[in-house]
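If you count by this note's numbering, then the first sequence holds residues 3 to 592, one letter each, in order. Idealized CB from N, CA, C, for every residue including glycine.
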Amino acid sequence: MLRTHTCGQLRSEHIGQEVTLCGWVESKRDHGGSVFIDLRDRYGLTQVVVGPPEADSELIDTAGRVGTESVILVRGKVAPRLEGKINDKLDTGEVELRCEHYEVLNACPTPPFTPGQQELPGEDLRLKYRFLDLRRTAMLRSLELRSRIIKIMRDYFAEHDFIDVETPILGRSTPEGARDYLVPSRVHPNSFYALPQSPQLYKQILMVAGFDRYVQIAKCFRDEDLRADRQPEFTQLDMEMSFVDQDDVIGMIEGLVKRTAKELTGEELSLPLPRMTWDESMRRFGTDAPDLRFGMEIVDITSIAAEVEFRVFRGAADSGGFVRGIRLEGQATEFSRKRIDELTDYVKKDFGAKGLAWFRVEEDGSLWSPTSKNFSAEHLQQIGAALEAQPGDLLLFLADTWEVTCKGLAGLRKRLGAELKLYDERAMSYSWVTNFPMFERDEEEQRWVAMHHPFTAPLPEDLEKLASDPAACRAQAYDLVINGSEAGGGTIRIHDGKIQQQVFELLGIDEQTARDRFGFLLDALKYGAPPHGGIALGVDRWVMLFAGLDNIREVIAFPKTQKASDLMTEAPGEVDAKQLQELHLRTVKV
RNA sequence: GGCGCGGUAGCUCAAUUGGUUAGAGCCCCGGACUGUCGAUCCGGAGGUUGCGGGUUCGAGUCCCGUCCGCGUCGCCA
3 MLRTHTCGQL
13 RSEHIGQEVT
23 LCGWVESKRD
33 HGGSVFIDLR
43 DRYGLTQVVV
53 GPPEADSELI
63 DTAGRVGTES
73 VILVRGKVAP
83 RLEGKINDKL
93 DTGEVELRCE
103 HYEVLNACPT
113 PPFTPGQQEL
123 PGEDLRLKYR
133 FLDLRRTAML
143 RSLELRSRII
153 KIMRDYFAEH
163 DFIDVETPIL
173 GRSTPEGARD
183 YLVPSRVHPN
193 SFYALPQSPQ
203 LYKQILMVAG
213 FDRYVQIAKC
223 FRDEDLRADR
233 QPEFTQLDME
243 MSFVDQDDVI
253 GMIEGLVKRT
263 AKELTGEELS
273 LPLPRMTWDE
283 SMRRFGTDAP
293 DLRFGMEIVD
303 ITSIAAEVEF
313 RVFRGAADSG
323 GFVRGIRLEG
333 QATEFSRKRI
343 DELTDYVKKD
353 FGAKGLAWFR
363 VEEDGSLWSP
373 TSKNFSAEHL
383 QQIGAALEAQ
393 PGDLLLFLAD
403 TWEVTCKGLA
413 GLRKRLGAEL
423 KLYDERAMSY
433 SWVTNFPMFE
443 RDEEEQRWVA
453 MHHPFTAPLP
463 EDLEKLASDP
473 AACRAQAYDL
483 VINGSEAGGG
493 TIRIHDGKIQ
503 QQVFELLGID
513 EQTARDRFGF
523 LLDALKYGAP
533 PHGGIALGVD
543 RWVMLFAGLD
553 NIREVIAFPK
563 TQKASDLMTE
573 APGEVDAKQL
583 QELHLRTVKV
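Dropping the structure here:
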């Protein structure tokens with residue numbers, strides 16, 4: 003080692019020792035007669051003093067000219083800080099290193115930004131110079147946290163007899179689900195591998211193989227548009243268990259959640275975690291991933307709306323739609339017309355709502371709105387009562403299809419919850435959403451599509467609905483929700499070839515197609531498949547949520563931009579004509 | 001693909017209704033300084049206002065196109 007200690011290590015007990023430190027020049031204070039250098043490495047910051055009597059004027063001069071972010075080595079004795087000069091902002095603030103020997107290991111030209119600077123540079127710059135950005139303490143902490151979380155996960159599953167198995171990255175494209183990333187085959191002209199969207203099929207095969215408990219920290223790839231919490235390549239903790247039901251899988255994960263919460267936040271969670279069915283979640287929160295850190299639940303007033311004169315409400319109710327609303331406690335006077343117009347714009351543009359109806363609750367408890375003359379006093383009173391309105395509240399309503407009211411109100415609730423700071427940002431909320439529907443209707447293509455994936459088992463009591471009423475058929479599927487974010491999702495799988503066949507039929511996958519695409523799985527299910535199920539946890543999201551961040555890129559060392567490029571390596575890039583030729587590919591001008 | 005925000009000095013930002021030579025802080029360069037820790041003081045350098053076109057006597061500012069970054073909807077079994 004070039005060094006004897008790290009920059010975060012020295013304390014008063016080291017006073018008098020001769021030590022060598024290596025690190026980056028975080029900052030420099032040049033007084034002419036002596037120079038103070040803050041030397042930084044991963045472990046901390048130590049003040050180095052280059053001055054008399056240890057250093058001669060030439061050394062002082064040299065040190066005074068060192069550039070920020072240069073890598074240097076300094077040797078000297080640890081000395082106490084002068085009387086009253088202790089820096090309690092630093093762990094090493096009681097001491098300093100009096101430099102006797104100084105070496106520049108690598109000089110740094112003026113960097114585009116420095117890790118220690120006050121204002122955070124633009125994100126594009128941070129991504130281009132990620133090696134500088136990663137020197138920032140905040141990035142270091144995020145990635146340390148990530149490392150800790152992954153270790154907790156690995157330890158936990160190892161203790162519970164899970165086998166860590168690696169599954170292939172080069173696989174076969176499965177047309178269901180997200181868009182695949184494709185890799186052309188050199189050996190097989192016109193054929194392509196697909197990068198895994200998840201190790202789903204492999205882990206089921208491992209269950210058939212009798213592995214009983216499988217786990218993997220798996221990279222997954224989906225060629226879909228990005229979001230603040232979504233990257234095209236991401237990490238899942240993927241697991242699968244045999245001879246289990248939904249409660250077994252949930253119980254296993256709850257143990258992990260409890261341990262993680264305990265180790266990271268010190269919070270002692272009481273299990274089991276709250277559970278809610280999908281139906282209930284949509285009814286109360288309009289989303290399958292409700293943020294339970296605050297209330298502001300959705301209230302349905304369709305039955306009242308059906309009676310009123312106001313056309314927007316009655317029209318929605320008469321045409322099979324819904325009128326649902328939320329209550330903003332004490333916000334009547336806080337929300338100007340302009341602010342309400344902004345919210346109206348938001349629900350129109352983002353969720354296709356036709357408008358946003360609102361009422362102010364007056365001092366006497368009566369409801370007022372620009373449209374209140376279209377309501378009888380009695381109806382207004384009923385609406386107020388339904389939402390438990392108090393004087394000073396603001397009530398917001400959407401009158402639309404079930405779907406639009408769900409999405410719009412869930413959007414409003416999420417946005418307003420954050421804007422009005424209705425919850426403690428450090429608070430964590432964990433819960434399960436269960437009993438998802440098996441199928442969704444794809445109106446464009448006029449067919450059923452699997453809500454989770456085509457291997458999801460229906461609830462035993464809904465088995466006959468597969469044939470009679472697919473829309474009402476519920477699945478043995480469960481999502482873990484943390485702070486309104488989907489932090490994981492899993493299912494019990496179909497282990498019966500006949501039921502699998504039935505699901506494929508319903509999805510419009512005929513026997514031949516099923517055989518072509520999933521023949522190996524159907525074979526495996528035939529040759530002695532145990533009942534099995536599992537879950538995949540979004541590792542990046544876990545880290546993001548436990549770090550209290552709202553952006554997944556902050557917990558990934560080398561993330562991609564919204565257009566899926568890497569600004570540092572400039573991936574993706576063009577390739578040589580020769581490479582294309584070997585792959586039997588030709589590009590087309592766009 | 002839609003909607004929205006942004007792009008001005010190396011960095012973070014400002015620039016009135018379209019009007020003088022596009023400013024400030026930080027950084028950088030030179031000088032001063034025996035204790036600073038956001039050092040201080042003096043002086044200085046630094047600009048194709050993302051790119052292309054248009055309107056205008058005059059464009060950082062208005063219009064059209066385009067590229068890039070961010071947010072969001074669609075999308076994400």
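| query | result |
| --- | --- |
| Status (buried if at least 16 other CB within 10 Å, exposed otherwise) for S193 | exposed |
| Nearest residue (CA-CA) to P81, options L12, D402 and E98 | Per the sequence presented here, residue 81 reads as Ala, with Pro not at that position. Of L12, D402 and E98, the residue nearest in Cα terms is E98. |
| CA-to-CA distance, I484 to I342, given in whole angstroms | 29 Å |
| Check whether E96 and S14 have beta carbons under 7 Å apart | yes |
| Uninterrupted alpha helix (DSSP H) stretches inside the region 352 to 397 (no shorter than 4 residues) | 379 to 388 |
| Short Cβ contact (7 Å threshold) for L197 with I219 | no |
| Outcome for K351 when other beta-carbon atoms lying within 10 angstroms are tallied against a minimum of 16 | exposed |
| Inter-stretch contact (C-beta, 8 Å, three-pair minimum) for the region 456 to 472 and the region 406 to 421 | no |
| The region 478 to 495 / the region 169 to 182 touching (three or more Cβ pairs under 8 Å) | no |
| Beta-carbon separation (whole angstroms), V406 vs F361, contact threshold 8 Å | The pair is not a contact, with the Cβ atoms about 20 Å apart (cut-off 8 Å). |
| Endpoints, the alpha helix (DSSP H) within which Q248 is located | Q248 to T267 |
| Expected contact under 8 Å - CB spacing of M155 and T267 to nearest Å | Contact doesn't hold; Cβ gap of about 16 Å is too wide. |
| Which of helix, strand or coil DSSP assigns to K221 | strand |
| C-beta contact flag for E102 and G86 at 7 Å | no |
| The region 431 to 439 touching the region 387 to 401, judged by at least three CB pairs closer than 8 Å | no |
| 7 Å Cβ cutoff met for I39 and V21 | no |
| Secondary structure of C408, DSSP reduced to three states | helix |
| Start and end residues, beta strand (DSSP E) containing I62 | Unbroken run through I62 is the alpha helix (DSSP H), S59 to G66; no beta strand (DSSP E). |
| Three CB pairs or more closer than 8 Å across the region 203 to 218 and the region 161 to 176 | yes |
| Cβ separation of D290 and M284, assumed to be a contact under 8 Å, to the nearest whole Å | 7 Å |
| Exposure of A474, with buried meaning 16 or more beta-carbon neighbours within 10 Å | exposed |
| Cutoff 8 Å; reference P191; Cβ partners in own chain excluding five residues on either side | H586 |
| The region 252 to 266 contacting the region 230 to 237, beta-carbon criterion three pairs below 8 Å | no |
| Any non-hydrogen atom of the ligand GTP closer than 6 Å to Q503 Cβ | The ligand GTP is absent from the structure shown, which contains no ligands of any kind. |
| Pairwise C-alpha distance: R417 and E556 | 21 Å |
| S36 vs G53 beta-carbon contact at 7 Å | yes |
| Between the CA atoms of A538 and M453 - distance to the nearest angstrom | 16 Å |
| Reduced DSSP secondary structure (H/G/I, E/B, other) of M241 | strand |
| Integer Cβ distance of M600 from R132, believed to fall under 8 Å | Only positions 3 to 592 of the chain appear in the structure, and residue 600 is not among them; the question remains open. |
| Member of P292, P274, L273 and G491 whose CA lies at the smallest distance from the CA of E282 | P292 |
| G499 and L527 closer than 7 Å at C-beta | yes |
| Within the region 118 to 206, ranges of the beta strand (DSSP E) (whole runs, at least 3 residues) | 184 to 186 and 194 to 196 |
| Test item: CB-CB of P472 and L508 under 7 Å | yes |
| Within the region 281 to 342, ranges of the alpha helix (DSSP H) (whole runs, at least 4 residues) | 304 to 307 and 313 to 320 |
| Nearest-angstrom beta carbon gap, L271 and Y432 [assumed within contact, 8 Å] | 7 Å |
| Own chain residues within Cβ distance below 7 Å of R597, not counting five before or after | Coverage of the chain is limited to positions 3 through 592, which leaves residue 597 absent and any answer about it impossible. |
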